[in-house]
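Chains as they are written, first to last, in our numbering: chain A, 1 to 191; chain B, 192 to 614.
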């Protein structure tokens, strides 16, 4: 996982509640066995017509948001199936931050495992971001989102903040202690 | 403490915990299937590329594997995934691999109870969002993403934030025309698809004591659609009897303390519940079946971990016996053991006499994978659990979710039908 740096980008506004993982990455793309190749299928049915042409009215097909690294959305983002492919697809498409009033639990966890920062913000602050049409800056170290008009602070668990900033994943962290673990295993009395 | 807190406390080696505490718990059982398995393998491959040695799992005897989403192999890629899964279980010495077409096989959540893979008081995690299902046996059961599952496979532990518990009390026995599916759809309609986000839903009351284990499993199964971390029901004599005939007799039950705390308690009167249908495109978009009788249908689908257990098929047979279906009707029992029982008890004959097609166990069209997916504009009534756009096929198809009784009655009429109104 890459260490999480300060992100400066326009936020793509996806003005929908209850966006489920079937919409984020449709079922027909779950069969790929590698961890890459999902970005091109992100929001597939919303982005493309049945002939595979971009739908002009979908927000991510607007050139202005094409290189956006921040996704701004509504309540209960990532609900439905637990497929981690949803986080993989968002990341590969270029999103490093998702801002929403609330997330579905499994999706929220999956974000951290893949270097995506999910930010929970109260609705009033979300509204203000939806009205902002210029670059914003997300600083994880300071836990701030800075727009031309204001600086918004956000909460995040300390351990998760550290792992994102340092680009550590849980498995690597535990295995850093491999020697101690095997010493412990050896010293344990077997009943 | 309530049952969930007590299970997590025990697994964390603590005497007391409270909601929102973060605990590191020992896991008792882990499950992956033909979508999450290859996902976990992909995570392992990435770790190996980074130089990590992965030679053994924490405890292969606690891991079990099901093949259910894209079986029978939908195409060459899914066939490849099944091969990959077999190589994986062979490499790591996982003996509990329910191979499709070899003895017992079926949908993972169905096997979890049919085969008593998970026991009361255990901490069980699975690479699928409907892992919540097995909480009906009195276990803590929760779905995880692929990376988290990979972590558990290597370390046997995982951290959880202790969820707050919403307690749903059912007073009285459900009327004959109402099923657990109606009750859970009503709850989701009332609290919304994020009404239980990060929380546990516990069911209790004398209405639950009256309910069979399979019906209880329908309740916990769809706690997922309310956003719940887990769903749970305290074990009782019915749980013990259910497990006993499946050869599971040794386990440590956990029960809530008398002074257990719940974030909120909701009460429902069984006698007031009605047959419910969730309209497109969300499980919370509910209406009474009797208010939708003009809705014409193209297809009825009876399948999935939610709605193709043995008693679900019995309910369908009650309706279809001596009648004919007016629309395409597909019935896919959730495990081959259920299929066999339905065959032995004459249910399959009833289905075929009614004109329905009977298929093999698979997640199939429930997740839009294959075996009965929907075309553009097709309208389906289904015993499954989700009706998001495109969930069962084309983005412009429509799925109505309902109980096996309502789906079967609707199959006979070709329109949404309350089972009481069937001639």
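We put the CB at the ideal spot given by N, CA and C, even for glycine.
Owing to the predicted nature of the structure, the values given are computational and were not obtained by experimental measurement.
Amino acids of chain B, ordered along the chain, whose beta-carbon sits closer than 7 Å to that of residue i
{"i": "residue 104 of chain A", "result": "388, 418"}
{"i": "residue 75 of chain A", "result": "385"}
{"i": "residue 174 of chain A", "result": "346"}
{"i": "residue 26 of chain A", "result": "581"}
{"i": "residue 20 of chain A", "result": "579"}
{"i": "residue 113 of chain A", "result": "336, 338, 339"}
{"i": "residue 31 of chain A", "result": "261, 268, 269, 272"}
Run of the alpha helix (DSSP H) containing residue i, from where it starts to where it stops
{"i": "residue 235 of chain B", "result": "227 to 240"}
{"i": "residue 132 of chain B", "result": "Any property of residue 132 of chain B remains undetermined from this structure, which presents chain B solely from 192 to 614."}
{"i": "residue 557 of chain B", "result": "Neither: residue 557 of chain B is in no alpha helix (DSSP H) and is coded neither H nor E."}
{"i": "residue 130 of chain A", "result": "123 to 130"}
{"i": "residue 433 of chain B", "result": "428 to 435"}
{"i": "residue 469 of chain B", "result": "Per DSSP, residue 469 of chain B belongs to no alpha helix (DSSP H); it is in the beta strand (DSSP E), 467 to 469."}
{"i": "residue 268 of chain B", "result": "267 to 283"}
{"i": "residue 243 of chain B", "result": "Here residue 243 of chain B belongs to no alpha helix (DSSP H), and DSSP marks it neither H nor E."}
{"i": "residue 501 of chain B", "result": "501 to 511"}
Within chain B, the residues that residue i reaches when beta carbons sit closer than 8 Å
{"i": "residue 23 of chain A", "result": "579, 580, 581"}
{"i": "residue 61 of chain A", "result": "What residue 61 of chain A touches in chain B: nothing, since even the nearest Cβ is about 16 Å away."}
{"i": "residue 109 of chain A", "result": "335, 336, 339"}
N-terminal and C-terminal residue of the beta strand (DSSP E) that residue i is part of
{"i": "residue 519 of chain B", "result": "519 to 522"}
{"i": "residue 193 of chain A", "result": "Lying before the first or after the last residue shown, residue 193 of chain A is absent from chain A, which here runs from 1 to 191."}
{"i": "residue 145 of chain A", "result": "144 to 146"}
{"i": "residue 392 of chain B", "result": "391 to 395"}
{"i": "residue 118 of chain A", "result": "117 to 120"}
{"i": "residue 331 of chain B", "result": "331 to 334"}
{"i": "residue 315 of chain B", "result": "314 to 317"}
{"i": "residue 478 of chain B", "result": "477 to 479"}
Proximal residues of chain B, C-beta to C-beta of residue i below 9 Å
{"i": "residue 56 of chain A", "result": "Ordered by position in chain B, no residue passes the 9 Å Cβ test against residue 56 of chain A, which lies about 17 Å from the chain."}
{"i": "residue 137 of chain A", "result": "In chain order: nothing, as chain B lies at least about 28 Å away."}
Those residues which DSSP pairs with residue i across a bridge
{"i": "residue 217 of chain B", "result": "B:348"}
{"i": "residue 77 of chain A", "result": "A:103"}
{"i": "residue 361 of chain B", "result": "B:459"}
{"i": "residue 13 of chain A", "result": "A:72"}
{"i": "residue 165 of chain A", "result": "DSSP output for residue 165 of chain A lists no bridge partner at all."}
{"i": "residue 419 of chain B", "result": "B:388"}
{"i": "residue 570 of chain B", "result": "B:589"}
{"i": "residue 54 of chain A", "result": "A:48"}
{"i": "residue 288 of chain B", "result": "B:256"}
{"i": "residue 153 of chain A", "result": "A:144"}
{"i": "residue 20 of chain A", "result": "A:79"}
{"i": "residue 614 of chain B", "result": "For residue 614 of chain B, which the question treats as bridged, DSSP gives no partner whatsoever."}
Close beta carbons around residue i, own chain, < 6 Å, minus the five adjacent residues each side
{"i": "residue 487 of chain B", "result": "606"}
{"i": "residue 210 of chain B", "result": "353, 355"}
{"i": "residue 300 of chain B", "result": "321, 324, 496"}
{"i": "residue 46 of chain A", "result": "58"}
{"i": "residue 530 of chain B", "result": "524"}
Cutoff 7 Å; reference residue i; Cβ partners in own chain excluding five residues on either side
{"i": "residue 226 of chain B", "result": "260"}
{"i": "residue 16 of chain A", "result": "73, 74"}
{"i": "residue 498 of chain B", "result": "372, 574, 575, 595"}
{"i": "residue 250 of chain B", "result": "347"}
{"i": "residue 430 of chain B", "result": "311, 328, 329, 404"}
{"i": "residue 560 of chain B", "result": "260, 261, 265, 554"}
{"i": "residue 518 of chain B", "result": "488, 489, 490, 491, 602, 605"}
Residues that residue i contacts on chain A, provided the C-beta gap is smaller than 7 Å
{"i": "residue 319 of chain B", "result": "82"}
{"i": "residue 342 of chain B", "result": "170, 171"}
Sequence-distant residues of the same chain with beta carbon closer than 8 Å to residue i, five excluded per side
{"i": "residue 114 of chain A", "result": "1, 84, 87, 88, 91"}
{"i": "residue 168 of chain A", "result": "1, 162"}
{"i": "residue 119 of chain A", "result": "97, 98, 99, 100, 138, 145, 154, 156"}
{"i": "residue 173 of chain A", "result": "163"}
{"i": "residue 41 of chain A", "result": "25, 26, 29, 89"}
{"i": "residue 455 of chain B", "result": "357, 358"}
Chain A contact residues for residue i, given Cβ-Cβ distances below 9 Å
{"i": "residue 571 of chain B", "result": "Residues of chain A passing the Cβ test: none, with the nearest at roughly 15 Å."}
Cβ-heavy atom distance, residue i to the ligand SAM, below 8 Å
{"i": "residue 607 of chain B", "result": "As far as ligands go, the structure on display features none, and thus does not contain the ligand SAM."}
Proximal chain A residues relative to residue i, where beta-carbon distance stays under 8 Å
{"i": "residue 586 of chain B", "result": "45"}
{"i": "residue 492 of chain B", "result": "The premise fails here: residue 492 of chain B is roughly 15 Å from chain A at the closest Cβ pair, so nothing lies under 8 Å."}
Residues within the region 280 to 295 of chain B neighbouring chain A, beta-carbon criterion of under 9 Å: none
Under 7 Å (Cβ pairs) to chain A, residues found in the region 545 to 562 of chain B: 558, 559, 560
Cβ-based contacts, 8 Å cut-off: residues of the region 452 to 486 of chain B near chain A: 473
Residues from the region 7 to 18 of chain A in contact with chain B, defined by Cβ distance under 9 Å: 17, 18
Residues in the region 255 to 273 of chain B having any Cβ partner in chain A nearer than 9 Å: 260, 261, 265, 266, 268, 269, 271, 272
Contact list for the region 228 to 241 of chain B against chain A, Cβ threshold 8 Å: 229, 230, 232, 233, 234, 236, 237, 238, 241
Chain A contacts from the region 209 to 229 of chain B (Cβ-Cβ distance under 7 Å): 226, 229
Where the region 154 to 171 of chain A meets chain B: residues whose CB sits under 9 Å from a CB there: 157, 159, 169, 170, 171
Interfacial residues, the region 304 to 317 of chain B to chain A, with Cβ spacing under 9 Å: 317
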